[in-house]
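Number of protein chains: 2
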Amino acid sequence: MRLAELSERSGVTTATIKYYLREGLLPPGERISATQAEYGEEHLRRLRLVRALVQVGRIPVATAREVLTAIDDDRTDQLTRIGTAVAALPQPAPPRRRDETVVTAEALAGELQRRLGWRIVVDNPAHQALVTALAALLRLGYPCTVEQLLPYGAAADGLAAHEIALIGEFASPTTQLEAAVALTVLYEPVLLSLRRLAQAEAATRQLRGPS
Amino acid sequence: MRLAELSERSGVTTATIKYYLREGLLPPGERISATQAEYGEEHLRRLRLVRALVQVGRIPVATAREVLTAIDDDRTDQLTRIGTAVAALPQPAPPRRRDETVVTAEALAGELQRRLGWRIVVDNPAHQALVTALAALLRLGYPCTVEQLLPYGAAADGLAAHEIALIGEFASPTTQLEAAVALTVLYEPVLLSLRRLAQAEAATRQLRGPS
DNA sequence: ATGCATTGGGGAGTGGCACTATCCAATCAT
DNA sequence: ATGATTGGATAGTGCCACTCCCCAATGCAT
Chain A
200 MRLAELSERS GVTTATIKYY LREGLLPPGE RISATQAEYG EEHLRRLRLV RALVQVGRIP
260 VATAREVLTA IDDDRTDQLT RIGTAVAALP QPAPPRRRDE TVVTAEALAG ELQRRLGWRI
320 VVDNPAHQAL VTALAALLRL GYPCTVEQLL PYGAAADGLA AHEIALIGEF ASPTTQLEAA
380 VALTVLYEPV LLSLRRLAQA EAATRQLRGP S
Chain B
200 MRLAELSERS GVTTATIKYY LREGLLPPGE RISATQAEYG EEHLRRLRLV RALVQVGRIP
260 VATAREVLTA IDDDRTDQLT RIGTAVAALP QPAPPRRRDE TVVTAEALAG ELQRRLGWRI
320 VVDNPAHQAL VTALAALLRL GYPCTVEQLL PYGAAADGLA AHEIALIGEF ASPTTQLEAA
380 VALTVLYEPV LLSLRRLAQA EAATRQLRGP S
């Protein structure tokens with residue numbers, strides 16, 4: 200299919216597709232002549248993935264390129280690629296000041312992971328993100344203890360096991376890689392909106408009393 | 200305290216504080232003379248809240264102003280204010296095209312809420328966000344059934360109950376309002392990083408086999 | 001063949017956002 | 001008295017995700 204058809208089938212304007220091609224988010228089509236290129240179903244799928252990452256996942260274009268590059272890097276084994284791709288996903292920036300809240304937050308994160316039986320991986324960007332978020336909570340003076348956090352860790356543990364099993368069900372390594380990234384990113388808003396809805400539900404329930 | 204001290208104690212530059220004052224994120228200090236203004240502890244607390252919303256929660260400044268305005272609006276009762284404030288928090292934009300995936304996503308969201316025993320609130324922005332996220336998943340061709348989603352809903356339900364109870368423990372209405380916003384926003388990155396860490400844990404565990 | 005529309009490529013421009021640099025007059029500290 | 005500081009205001013910066021526009025080559029209809 201041509202650029203115009205790719206655009207129509209994906210709902211993305213040709214200008215934006217060209218931008219993605221330029222930025223390396225989309226592999227170039229197969230050149231038919233000097234002014235024509237042919238795109239296949241895999242381009243359409245990749246384009247939809249890009250859109251999902253950028254629009255739903257709010258991932259910067261430059262970051263999305265890194266993630267996709269890691270997916271496509273066939274020099275390494277699959278688990279390394281998944282790890283690289285997910286690690287490239289955006290995380291909150293670490294705090295510029297290392298004050299006492301950061302130290303407390305680090306201790307808290309470590310203790311939490313110990314209590315959950317997780318291996319402590321300090322080089323995982325998610326660990327940095329966790330410390331940053333905990334430090335912000337502490338800086339605002341909110342109570343933040345291991346007991347408070349354990350339910351979150353337990354919930355995350357259950358969901359992650361569910362997801363890893365789901366990813367394992369995909370047939371080919373390529374679809375597994377794509378699924379790992381897509382499910383990680385696209386289930387985030389699902390989880391967050393469900394939490395908001397549940398909060399509203401719990402709040403009204405409390406308001407109306409235990410009637 | 201003066202602007203300079205407020206800046207030093209919060210770690211935010213005076214230029215940025217002035218910007219927040221201009222944008223109405225921070226109430227003006229008490230004017231001492233034509234060129235001096237006095238700021239109190241409540242300014243410091245509010246400033247830290249603003250920073251947490253903007254930096255950790257990645258909330259646009261204009262949105263943060265709406266949230267804070269809702270908190271400060273003393274014309275309405277507390278639950279309305281909490282609802283308004285949380286509803287003003289940013290949500291993924293609804294899809295521009297209403298294709299069949301959106302219809303399926305809406306049915307799925309409705310069924311999920313029914314199964315969880317939640318009142319269905321279509322006007323809640325979080326509901327729209329959920330539909331958008333589900334539609335993106337469906338458009339990519341990922342399996343997305345009520346059974347798949349139920350664990351997420353159940354997890355959200357448990358966490359929300361925990362949070363609402365926690366908010367209820369705060370003494371004054373004002374601190375409850377602040378806590379509702381702060382906990383909603385600041386626990387999002389906590390939950391998401393824990394999920395990423397749990398995924399890494401589950402993936403390595405699966406890799407190393409059931410040994 | 002001919003003429004007009006279309007295609008893909010590329011550079012420059014746009015609009016939004018979160019600051020940030022600079023200036024200024026009034027005031028404070030010594 | 002005088003140099004530094006303060007708060008207020010305006011304009012500018014850098015980044016980002018597109019988006020506009022032009023071009024030459026090509027496809028297609030006549």
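Sequence lines, in order, name chains A and B. When we follow this note's numbering, the leftmost residue of the first sequence carries the number 200, and every step to the right adds one. When we follow this note's numbering, the leftmost residue of the second sequence carries the number 200, and every step to the right adds one. Each residue gets a CB set at the ideal place from its N, CA and C atoms; glycine is no exception.
Look up residue i in the DSSP assignment and say whether it is helix, strand or coil.
{"i": "isoleucine 231 of chain B", "result": "strand"}
{"i": "glutamate 368 of chain B", "result": "coil"}
{"i": "alanine 236 of chain A", "result": "strand"}
{"i": "tyrosine 351 of chain B", "result": "helix"}
{"i": "alanine 263 of chain B", "result": "helix"}
{"i": "leucine 339 of chain B", "result": "coil"}
{"i": "threonine 212 of chain B", "result": "coil"}
{"i": "aspartate 271 of chain A", "result": "helix"}
{"i": "threonine 279 of chain A", "result": "helix"}
{"i": "arginine 314 of chain A", "result": "helix"}
{"i": "proline 289 of chain B", "result": "coil"}
{"i": "leucine 243 of chain B", "result": "helix"}
{"i": "valine 320 of chain B", "result": "coil"}
{"i": "glycine 453 of chain A", "result": "Limits of chain A in this structure are 200 at one end and 410 at the other, which puts residue 453 of chain A out of reach."}
{"i": "arginine 297 of chain A", "result": "coil"}
{"i": "leucine 224 of chain A", "result": "coil"}
{"i": "threonine 344 of chain A", "result": "coil"}
{"i": "arginine 250 of chain A", "result": "helix"}
Around the C-beta of residue i, are 16 or more other C-beta atoms found within 10 angstroms, so that it is buried, or is it exposed?
{"i": "leucine 406 of chain B", "result": "exposed"}
{"i": "isoleucine 258 of chain B", "result": "buried"}
{"i": "glutamate 229 of chain A", "result": "exposed"}
{"i": "arginine 280 of chain A", "result": "buried"}
{"i": "leucine 333 of chain A", "result": "buried"}
{"i": "arginine 318 of chain B", "result": "exposed"}
{"i": "arginine 245 of chain B", "result": "buried"}
{"i": "leucine 349 of chain B", "result": "exposed"}
{"i": "proline 293 of chain A", "result": "exposed"}
{"i": "threonine 331 of chain A", "result": "buried"}
{"i": "arginine 247 of chain B", "result": "buried"}
{"i": "threonine 234 of chain B", "result": "exposed"}
{"i": "valine 302 of chain B", "result": "exposed"}
{"i": "alanine 381 of chain B", "result": "buried"}
{"i": "glutamate 368 of chain B", "result": "exposed"}
{"i": "arginine 338 of chain A", "result": "buried"}
{"i": "proline 372 of chain B", "result": "exposed"}
{"i": "glutamate 299 of chain B", "result": "exposed"}
{"i": "threonine 213 of chain A", "result": "exposed"}
{"i": "alanine 325 of chain B", "result": "buried"}
{"i": "glutamate 364 of chain A", "result": "For clarity, residue 364 of chain A is alanine in the given sequence; the question names glutamate instead. Its Cβ having fewer than 16 others within 10 Å, alanine 364 of chain A is exposed."}
{"i": "glycine 282 of chain A", "result": "buried"}
{"i": "glutamate 204 of chain A", "result": "exposed"}
{"i": "alanine 370 of chain A", "result": "exposed"}
Below 8 angstroms on the Cβ atoms is my guess for residue i versus residue j; work out the distance and round it to an integer in Å.
{"i": "valine 266 of chain A", "j": "tyrosine 219 of chain A", "result": "About 14 angstroms; that fails the 8 angstroms criterion."}
{"i": "aspartate 206 of chain B", "j": "isoleucine 216 of chain B", "result": "Sequence check: residue 206 of chain B is serine here, not aspartate. Indeed, because the Cβ distance is near 6 angstroms, the residues count as touching under 8 angstroms."}
{"i": "arginine 208 of chain A", "j": "leucine 243 of chain A", "result": "6 angstroms"}
{"i": "proline 289 of chain B", "j": "threonine 262 of chain B", "result": "5 angstroms"}
{"i": "alanine 385 of chain B", "j": "glycine 256 of chain B", "result": "The amino acid occupying residue 385 of chain B in the given sequence is leucine; alanine does not appear at that position. Right, their Cβ atoms sit about 7 angstroms apart."}
{"i": "glutamate 387 of chain B", "j": "isoleucine 270 of chain B", "result": "18 angstroms between Cβ atoms; not a contact."}
{"i": "alanine 379 of chain B", "j": "valine 285 of chain B", "result": "7 angstroms"}
{"i": "leucine 278 of chain A", "j": "alanine 402 of chain B", "result": "7 angstroms"}
{"i": "glycine 223 of chain A", "j": "arginine 264 of chain A", "result": "5 angstroms"}
{"i": "alanine 397 of chain A", "j": "alanine 359 of chain B", "result": "3 angstroms"}
{"i": "asparagine 323 of chain B", "j": "alanine 399 of chain A", "result": "6 angstroms"}
Note to self: If we require 4 or more residues per run, which alpha helix (DSSP H) segments fall completely within the region 353-407 of chain B?
What the structure shows: 372-406
Quiz item: With contact counted as at least three CB pairs below 8 angstroms, one residue from each stretch, are the region 232-245 of chain B and the region 200-219 of chain B in contact?
Solution: Taking 8 angstroms as the limit for Cβ pairs, the verdict is that the region 200-219 of chain B does touch the region 232-245 of chain B.
Q. Should the region 382-396 of chain A be regarded as contacting the region 352-364 of chain B, the criterion being three or more beta carbon pairs within less than 8 angstroms?
A. yes
Would you be able to state if there are at least three C-beta pairs under 8 angstroms between the region 301-321 of chain A and the region 340-354 of chain A? Yes, the region 340-354 of chain A is in contact with the region 301-321 of chain A.
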